[in-house]
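Encoded as structure tokens, the structure appears first; notes follow it.
Protein chains in written order, with this note's numbering: chain A, 1 to 255; chain B, 256 to 337; chain C, 338 to 640.
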């Protein structure tokens, strides 16, 4: 065991591993990050097509609602793109901690945008389905969908914050030694907030989808529904916020 | 040196513990809140009762997430900072 | 991490170097703006309202409706000012960061959201926790408030209540016995402040159990002892997640705006992102913050 730690600190070529890990992490961020946005937008489009088949007269409304919903479902993918660019093109000091931080940033953003993308797509898809069922409700359904998707994006925003902090990690002086614990804590912060964002994204998406569906059935309840949706969705994100807090502690409080 | 590896393992498992532990409760709570929205659409006059029931149910289904939080904090502050 | 530039400022001769100057400046600006708007709205009240009065009345009615629906008529009116003020303050704090710095000529350091500094959401959430628990004590009484941590309780006769009381007392005594040596050693090793705090905690456990068991005999229900730690940690979880939700979203918006502006030099994307994060996410999360404060209050003061 002692040999392992000494070998890691002295005999490994961290400068080339830093370059390798920054490319790997960039690929990880964008590759995993594309899944969520892709699946979500596809689900949205599928529901819109079903609704168009049922109500060809409402095609214009449906396409508009679908495009707005897809544009917001896309944001988590854009976050992943931004983080991937930062990983690929910013200069990074070669050190063991930076390797951990870069891999953590890639994992955080990649996994973190998965849930939010699918969740936003679920909200958009249910909104399209209920506009197809009841085209008169399009105004309140679109409003509910937008609010729900605004809530859905917050797990991805948490991942983004952690990923950006980890990418700029070399400004924290502690990232330039070769300490196994700091390396692992940076990686672990990324894993924590990344995996922890999957569930909240999906859960909030289910809330927003249910609310859009319900507003479509009974448009007069739109304001009550917005309130119930925001309270329920915010509570269902709290475990994601716990992951965010743990990631903050892992980055800033571990010496 | 042994302590370094134990510390690193504790930190890694704290992150993984909170990360994986956050998945289930969040999906469960989202399911509950989605059903509450459907309930409000069916009986709008019962909205305050439904909201309160939803919040209590979510608080209970969040308890496993809180266990993960407590375990992660213990792992960091008891074993991870030595 | 020095993301917000904190220039040292002087307020009536006192240096404010230890604080985040940009946050302080912008918080005072938000408060001034709210005062000014309130003055504008009530300046000339009339039966035929002007534009500002219509907007203010609409906002008040909206929140009055929400508070009355959630808390009932008698409590709703009492909590309306608190909830609406919370919403307005958080909303203005969230959108102020989207303004361009048109006061640069007057030496203004720039517009930053006070809520992107963790201290502001933490302070607001502390206020909410205090308000929620103090109003729970006022509505249900101290014993009722303590009892609410033992919910869901179940009905039972005096024998079962006595059994649970005996069981939880012997559990506490057993725990004290098991940790006695550790506890005494730690107690002797710490200063007087620590002794008072730890003595208070342990004494509080016993006092709490006595009060709750007496209350249980009075109302003829059996407290759910297993739920008590869970409820306490649940309240802590609410208090943690409430400020971090706001902070994470606003700070995330700021981070992505800064990064994108640096990467692609202000072409195209930043205005859209500014609209999305500054106004839309700011509005949604101001509303969410106020609604969660209301929901926590409703859960605590409901019978």
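Using N, Cα and C, we set each Cβ at its ideal position, and we do this for glycine too.
None of the values given here were measured: they were computed from a predicted structure.
### Task
Provide the residue(s) that pair with residue 491 (chain C) in DSSP beta bridges, ordered along the chain.
Within the third chain, the letter at position 154 stands for residue 491 (chain C). Note: residue 491 (chain C) sits in a beta bridge opposite C:559.
### Query
Mind checking residue 225 (chain A): buried by the 16 CB within 10 Å criterion, or exposed?
For the purposes of this step, residue 225 (chain A) is identified with residue 225 of the first chain, where counting begins at 1. Buried.
### Beta-carbon contacts of residue 578 (chain C) that lie in its chain and below 6 Å, excluding the five residues immediately before and after
Residue 578 (chain C) sits at position 241 when you count from the first residue of the third chain. Counting only Cβ-Cβ distances below 6 Å, and skipping sequence neighbours, we find nothing.
### Query
Using a C-beta to C-beta distance shorter than 9 Å, which residues of chain B count as neighbours of residue 225 (chain A)?
Taking the first chain and counting its residues from 1, the one referred to as residue 225 (chain A) is at position 225. Going along chain B in sequence order, the residues near residue 225 (chain A) (Cβ under 9 Å) are 292, 295, 296, 299 and 302.
### Task
For the region 540-572 of chain C, enumerate the residues whose C-beta is nearer than 7 Å to any C-beta of chain B, in chain order.
For the region 540-572 of chain C, which is checked against every Cβ of chain B, the residues closer than 7 Å are 567, 570 and 571.
### Query
Do residue 149 (chain A) and residue 189 (chain A) have their C-beta atoms within less than 8 Å of each other?
Reading the first chain from its first residue, position 149 is the one you call residue 149 (chain A). Reading the first chain from its first residue, position 189 is the one you call residue 189 (chain A). Against a cut-off of 8 Å, the Cβ pair of residue 189 (chain A) and residue 149 (chain A) comes out as no contact.
### Task
Examine chain B for any beta-carbon lying closer than 8 Å to the beta-carbon of residue 413 (chain C), and answer yes or no.
As a position in the third chain, residue 413 (chain C) is number 76, starting the count at 1. No, because no Cβ of chain B sits closer than 8 Å to the Cβ of residue 413 (chain C).
#### Entry: Under 7 Å by beta carbon: chain A residues contacting residue 306 (chain B)
Translated into positions along the second chain, residue 306 (chain B) becomes position 51. Going along chain A in sequence order, the residues near residue 306 (chain B) (Cβ under 7 Å) are 228 and 231.
### Query
Is residue 110 (chain A) near residue 194 (chain A), with beta carbons less than 8 Å apart?
For this step, residue 110 (chain A) is matched to residue 110 along the first chain. For this step, residue 194 (chain A) is matched to residue 194 along the first chain. With contacts defined by Cβ atoms closer than 8 Å, residue 110 (chain A) and residue 194 (chain A) form a contacting pair.
### Message
Whole angstroms are fine: how far does the CA of residue 484 (chain C) sit from the CA of residue 549 (chain C)?
### Response
Along the third chain, read from residue 1 onward, the residue named residue 549 (chain C) stands at position 212. Along the third chain, read from residue 1 onward, the residue named residue 484 (chain C) stands at position 147. Using only the alpha carbons, I get a separation of about 6 Å.
### Query
From the beta carbon of residue 313 (chain C), is the nearest beta carbon of chain A less than 8 Å away?
Because residue 313 (chain C) is not part of the residues shown, which for chain C are 338 to 640, the question remains open.
### Task
Reducing DSSP to helix, strand and coil, say where residue 499 (chain C) ends up.
As a first step, residue 499 (chain C) must be located in the third chain, where it is residue number 162. Correct three-state label for residue 499 (chain C): helix.
#### Entry: Residues, ordered as in the chain, of the region 315-328 of chain B that lie near chain C by beta-carbon distance below 9 Å
315, 317, 318, 320, 321, 322, 324 and 325
### Message
Along the region 481-511 of chain C, where does the CB come closer than 9 Å to a CB of chain A? Name the residues.
### Response
The residues in question: there are none.
### Query
Taking a cut of 8 Å between CB atoms, which residues from the region 98-110 of chain A lie near chain C?
none
### Task
Would you be able to state if there are at least three C-beta pairs under 8 Å between the region 554-567 of chain C and the region 408-423 of chain C?
no
### Task
Look at the alpha carbon of residue 4 (chain A) and the alpha carbon of residue 10 (chain A), and state the distance between them as a whole number of angstroms.
Counting from one through the first chain, the residue named residue 4 (chain A) turns up at place 4. Counting from one through the first chain, the residue named residue 10 (chain A) turns up at place 10. If I take the Cα positions, the gap works out to 10 Å.
### Reduced DSSP category for residue 552 (chain C) - H, G, I as helix; E, B as strand; rest coil
Taking the first residue of the third chain as 1, we reach residue 552 (chain C) at position 215. Helix.
#### Entry: Contact under 8 Å by Cβ, residue 493 (chain C) with residue 559 (chain C)
Walking along the third chain from the start, residue 493 (chain C) turns up at place 156. Walking along the third chain from the start, residue 559 (chain C) turns up at place 222. Against a cut-off of 8 Å, the Cβ pair of residue 559 (chain C) and residue 493 (chain C) comes out as a contact.
### Query
Looking only at C-alpha atoms, which of C:445, C:546 and C:459 sits nearest to residue 675 (chain C)?
Outside the shown range of chain C (338 to 640) lies residue 675 (chain C), about which nothing can therefore be said.
### Query
By the criterion of Cβ-Cβ separation under 8 Å, what are the contact partners of residue 359 (chain C) in chain A?
Working through the third chain from its first residue, we reach residue 359 (chain C) at position 22. Those within 8 Å of residue 359 (chain C) in chain A number zero; the least Cβ separation is about 18 Å.
### Task
Alpha carbon to alpha carbon, how far is residue 380 (chain C) from residue 238 (chain A)? Give it in angstroms, no decimals.
In the first chain, the residue the question calls residue 238 (chain A) occupies position 238. In the third chain, the residue the question calls residue 380 (chain C) occupies position 43. Going from the Cα of residue 238 (chain A) to the Cα of residue 380 (chain C) covers about 42 Å.
### Query
Between residue 310 (chain B) and chain C, is there a C-beta pair that is closer than 8 Å?
Within the second chain, the letter at position 55 stands for residue 310 (chain B). At least one chain C Cβ lies under 8 Å of residue 310 (chain B).
### Message
Please confirm whether residue 267 (chain B) has its beta-carbon closer than 8 Å to some beta-carbon of chain A.
### Response
On the second chain, residue 267 (chain B) is found 12 positions in, with the first residue counted as 1. Yes, contact with chain A.
### Message
Helix, strand or coil for residue 357 (chain C)? Go by DSSP, reduced to three states.
### Response
If you number the third chain from 1, residue 357 (chain C) lands on position 20. Three-state result, residue 357 (chain C): coil.
### Task
Consult DSSP for residue 345 (chain C) and reduce its assignment to one of helix, strand or coil.
Position 8 of the third chain holds residue 345 (chain C). Because the pLDDT of residue 345 (chain C) is 47, which lies under 50, any placement of that residue in the model is unreliable, and the number read from its coordinates should be weighed accordingly. Coil.
### Query
If you measure from the beta carbon of residue 407 (chain C) to each beta carbon in chain B, is any gap under 8 Å?
By 1-based counting over the third chain, the position of residue 407 (chain C) is 70. Answer yes: the Cβ-Cβ gap between residue 407 (chain C) and chain B drops below 8 Å somewhere.
#### Entry: Residue from C:382, C:418 and C:371 whose Cα sits closest to the Cα of residue 631 (chain C)
By 1-based counting over the third chain, the position of residue 631 (chain C) is 294. Among C:382, C:418 and C:371, the Cα nearest to that of residue 631 (chain C) is on C:418.
### Query
Nearest-angstrom Cα distance between residue 390 (chain C) and residue 396 (chain C)?
As a first step, residue 390 (chain C) is located in the third chain; it is residue number 53 there, counting from the start. As a first step, residue 396 (chain C) is located in the third chain; it is residue number 59 there, counting from the start. Going by the C-alpha atoms only, they are around 10 Å apart.
### Query
alpha helix (DSSP H) containing residue 427 (chain C): first to last residue?
Working through the third chain from its first residue, we reach residue 427 (chain C) at position 90. Where residue 427 (chain C) is concerned, the enclosing alpha helix (DSSP H) stretches over 410-432.
### Task
Quick one: residues in its chain with C-beta nearer than 7 Å to the C-beta of residue 198 (chain A), no 5 flanking neighbours on either side, listed in chain order?
Stepping through the first chain from its first residue, residue 198 (chain A) is reached at position 198. Excluding sequence neighbours, residue 198 (chain A) sits near 111, 114 and 115.
### Query
Mind listing which residues of the region 55-84 of chain A have their C-beta closer than 8 Å to chain B's C-betas, in chain order?
none
### Message
Looking at the secondary structure, which residues open and close the alpha helix (DSSP H) in which residue 458 (chain C) lies?
### Response
Counting from one through the third chain, the residue named residue 458 (chain C) turns up at place 121. Looking at the DSSP string, the run of the alpha helix (DSSP H) that includes residue 458 (chain C) is 456-484.
### Message
To the nearest angstrom, how far is the alpha carbon of residue 66 (chain A) from that of residue 100 (chain A)?
### Response
Within the first chain, numbered from 1, the residue matching residue 66 (chain A) stands at position 66. Within the first chain, numbered from 1, the residue matching residue 100 (chain A) stands at position 100. The straight-line gap from Cα to Cα measures roughly 39 Å.
#### Entry: C-beta atoms of residue 369 (chain C) and residue 393 (chain C) nearer than 8 Å
Translated into the one-based positions of the third chain, residue 369 (chain C) becomes position 32. Translated into the one-based positions of the third chain, residue 393 (chain C) becomes position 56. No. Outside cutoff.
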